[in-house]
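Protein sequence lines correspond, in order, to chains A and B. If you want this note's numbering, it's the position in the first sequence, counting the first as 1, plus 126. If you want this note's numbering, it's the position in the second sequence, counting the first as 1, plus 11. Note that CB positions come from ideal geometry on N, CA and C, so glycine has one too.
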Amino acid sequence: MRHCLTGILLSIALLVTSAVSADDEADYIDAYITVPYVELHTGPGRGYPVFYIAERDQSVKLLKQRTSWVKVRTENGKEGWVTQHSVAKTIDRDGLTMGEKLPQFADDGLRRWELGFMGGDFGGTDTFTAYTGYHFTRNLSLELALSENFGNFSSGESATINLLHQPFPQWRYSPFFSLGGGVRNTNPRSTLVETEDRKDDVLVVGAGVRISLSQRFLLRVQYKKHTILTNRDDDIEVEEWTIGLSALF
Amino acid sequence: MDNRIKRALLAASIIITSLQTPVFGQESAVQVIEPDLNRRKIETDAIDTENFEIGAYYGVISIEDFSSNPVYGVRGAYHVTEDFFFEAVYGMAEGDLTSFEKLSGGSPLLSDSDRDYTYYNVSVGWNILPGETFILDDYVFNSSLYIIGGVGNTEFAGDEWFTVNFGAGFRLLLNDTIAWHIDMRDHIFDRDTFGSDETTHNIEIHTGFTVFF
Numbered sequence: 127m128r129h130c131l132t133g134i135l136l137s138i139a140l141l142v143t144s145a146v147s148a149d150d151e152a153d154y155i156d157a158y159i160t161v162p163y164v165e166l167h168t169g170p171g172r173g174y175p176v177f178y179i180a181e182r183d184q185s186v187k188l189l190k191q192r193t194s195w196v197k198v199r200t201e202n203g204k205e206g207w208v209t210q211h212s213v214a215k216t217i218d219r220d221g222l223t224m225g226e227k228l229p230q231f232a233d234d235g236l237r238r239w240e241l242g243f244m245g246g247d248f249g250g251t252d253t254f255t256a257y258t259g260y261h262f263t264r265n266l267s268l269e270l271a272l273s274e275n276f277g278n279f280s281s282g283e284s285a286t287i288n289l290l291h292q293p294f295p296q297w298r299y300s301p302f303f304s305l306g307g308g309v310r311n312t313n314p315r316s317t318l319v320e321t322e323d324r325k326d327d328v329l330v331v332g333a334g335v336r337i338s339l340s341q342r343f344l345l346r347v348q349y350k351k352h353t354i355l356t357n358r359d360d361d362i363e364v365e366e367w368t369i370g371l372s373a374l375f
Numbered sequence: 012m013d014n015r016i017k018r019a020l021l022a023a024s025i026i027i028t029s030l031q032t033p034v035f036g037q038e039s040a041v042q043v044i045e046p047d048l049n050r051r052k053i054e055t056d057a058i059d060t061e062n063f064e065i066g067a068y069y070g071v072i073s074i075e076d077f078s079s080n081p082v083y084g085v086r087g088a089y090h091v092t093e094d095f096f097f098e099a100v101y102g103m104a105e106g107d108l109t110s111f112e113k114l115s116g117g118s119p120l121l122s123d124s125d126r127d128y129t130y131y132n133v134s135v136g137w138n139i140l141p142g143e144t145f146i147l148d149d150y151v152f153n154s155s156l157y158i159i160g161g162v163g164n165t166e167f168a169g170d171e172w173f174t175v176n177f178g179a180g181f182r183l184l185l186n187d188t189i190a191w192h193i194d195m196r197d198h199i200f201d202r203d204t205f206g207s208d209e210t211t212h213n214i215e216i217h218t219g220f221t222v223f224f
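Below, the structure is given as C-alpha cells:
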C-alpha cells in the first residue's frame, strides 16, 4: 500500500511539472473585447474580488477554463478570471465571436454526459448507486449503473446497463422509463454460517421522474424492479426506491 | 466593300474582347491581390479545461470503540459549477484494540484482518464561502470553505456497511493548479458486530494536497 501511495504522489508531481512546462504563448487564442468592459476576478468564482477592468477593443489571451470561468491575460500582463458568458461575446481577428468559434462556450446545446449517485432502499436494505449516462437524443440515453446494497443477512453488488426513455424531456418534471440488465453478486454476511457467494444475471425495469434544479443539475427519483435469475427453482423479485443527484456535462 | 470589311472586323473584335475580358479579369484577380493574411486554424477545444481534481490525504480517524488511528487515502473530484462538485474517495485505516480487550487481557474480539477499516464514498460538495485568505501582510491565496455529504461503503469487522458521510473542508489554492485541503468528516453507519444494531460515528480529520487538471 505504501508503494501505491508513493506512486500516486510521484504521478501528481509529474502532472504538476507537465502543467507548468506547457505554458507556450503562441498556443493561446487572442480575443478582442466588444462590450464596454469586462471585469477580471482574482479567482474562478463570483466570490473572488474584481481587481482589474479590460476595456473595449483591448485583446486578451484565453489561457484556461475552470467550470464557467476563463482565465485571461491582458496586453499589459494582468491575469484574471472572466465569466464564460463575457468571453463568448469577444471576437477573434476575423470577427467571429468566441461563442460561435468554440463550442465549449455555447451553453444551449444538448449536454450528452450525465454523472450522478443515489441512495435508497433495495428490498428493505440500504443501497447506493453511482451511474454515468450518455444521451443519444433528448429522449434516449444509455446508462451504466454500479450498485451496492447492505442487508442484515447478505450484501450484494450489481452492474447493469439500462436504456432510458424520456417522453417529455422539455418538462421541468420529466418522467422516464428504463429497461436493462446485468449481473449481480450476493454475499451472505460473515456473522451467518458459511454459505457461498452467488453470481446471477438480473433484469431491471424502472420508472421515475427527473426534476431539473438548474441548467447542470437535476434531482432523480426512481423505482426499479429487479428480477434476479437464480439457478434455483424460483427467480427473486426485488423492489428498489432511490433518490439522487445528477450533473450534466 | 470597305464598309463591309470594317463592320466584319468590328464585329470580330467585339466578340473577341467580350470573350476575353472575363478571363482577363480572373487572371488579374489572382495575380494582383496577394493575400497577406495567415488564417488561424479554428480548433474546437483550444482552451484547456481544468475541472478535475485528484490527490491524496493523511489524517486521523476515530473508529468508534476501536480508538483513533492514522488514515490515508486518495480523492478525485469533478467541479460541475463554481458552486458544486462531486467527489469520490477511497481511504484506509486500521482499528486498534477496544478498551475492553485492553483491560480484560483476554482473547481479542476480532482477528487482525478484520480490523482493517477501508471505505469509499461518493459525495456532493458545495463551496459556500469562496474568497481570499490573507497570511500576514505578504501572501494572499484563493480559498473556499465547503460543506460536503454523500453515501458509500465501509468495510470493517469482516462485513460491509452502508455509510452516510458529511462534513466540511477548507481548500486553499497555492497556485492555479495545486490546492491544500483540511477536511473533517463524520462517517455514520449501523453495525451489529457486538450482537445488537448500534449507530456508530467515526470522525475523521485529514489534510492533503490535490492537483487540478
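The DSSP-derived three-state label of B/Ser24 is helix. For A/Tyr174, the neighbours in chain B by C-beta distance under 8 Å run, in chain order, Pro141, Gly142, Glu143, Asn153. The CB of B/Thr92 comes closer than 7 Å to the CB of Thr193, Ser194, Arg342 in chain A, given here in chain order. Between the stretch 56-66 of chain B and the stretch 207-217 of chain B, the count of C-beta pairs closer than 8 Å stays below three; the two stretches do not touch. The beta-carbon separation of A/Ser267 and A/Leu241, rounded to 12 Å, does not stay under the 8 Å limit for a contact. By the CB criterion at 9 Å, A/Leu329 and A/Gly306 fall inside the cutoff. Scanning its chain for C-beta atoms nearer than 7 Å, with the 5 sequence neighbours on each side dropped, one finds around A/Phe177 the residues Leu166, Thr168, Gly206, in chain order.
The three-state secondary structure of B/Asn62, taken from DSSP, is coil. Think of a sphere of 8 Å around the beta carbon of B/Ile74: no beta carbon from chain A falls inside it, the nearest being about 18 Å out. Under DSSP, A/Asn288 forms a beta bridge with A/Glu269, A/Gly306. Here the stretch 153-167 of chain B does not lie against the stretch 296-303 of chain A, with fewer than 3 beta-carbon pairs under 8 Å apart.
When 8 Å is used as the limit between beta carbons, B/Trp172 is near these residues of chain A: Phe276, in chain order. Residues of chain B whose Cβ lies closer than 8 Å to the Cβ of A/Leu371 are, in chain order, Val135. Taken in chain order, the complete beta strand (DSSP E) segments of 3 residues or longer contained in the stretch 219-253 of chain A are 239-248. Excluding sequence positions up to five before and after A/Pro162, its CB lies within less than 8 Å of the CB of Glu181, Arg182, all in the same chain and listed in chain order. B/Pro81 sits away from B/Ile74, with the two beta carbons spaced by 9 Å or more. When C-beta atoms of the stretch 161-177 of chain B are compared with those of the stretch 119-137 of chain B, three or more pairs fall below 8 Å, so the two segments count as touching. For the stretch 244-257 of chain A, the set of positions with a beta-carbon nearer than 7 Å to some beta-carbon of chain B reads Gly245, Asp252, Phe254, Ala256 in chain order. Interface flag for A/Thr168 against chain B is set, since a Cβ pair is found closer than 9 Å. Short of 7 Å from the beta carbon of A/Lys227, and not among the five residues preceding or following it, lie these beta carbons of its own chain, in chain order: Asp218.
Your pair A/Ile159 and A/Thr251 does not check out as a contact, with CB atoms roughly 58 Å apart and the cut at 8 Å.
Counting along the chain, B/Ser118 sits inside no alpha helix (DSSP H), nor does DSSP assign it H or E at all. Using a Cβ-Cβ distance cut-off of 8 Å, the stretch 217-224 of chain B and the stretch 175-189 of chain B are in contact, since at least three pairs of beta carbons, one from each stretch, lie closer than that value. For B/Gly160, no chain A residue has a Cβ inside 8 Å of its Cβ, as the nearest lies near 11 Å away.
The C-beta of B/Val100 comes no closer than 9 Å to any C-beta of chain A. At least 9 Å separates the beta-carbon of A/Glu274 from that of A/Ser280. For A/Ser281, the chain B residues whose Cβ falls inside 7 Å of its Cβ are Glu171, in order along the chain.
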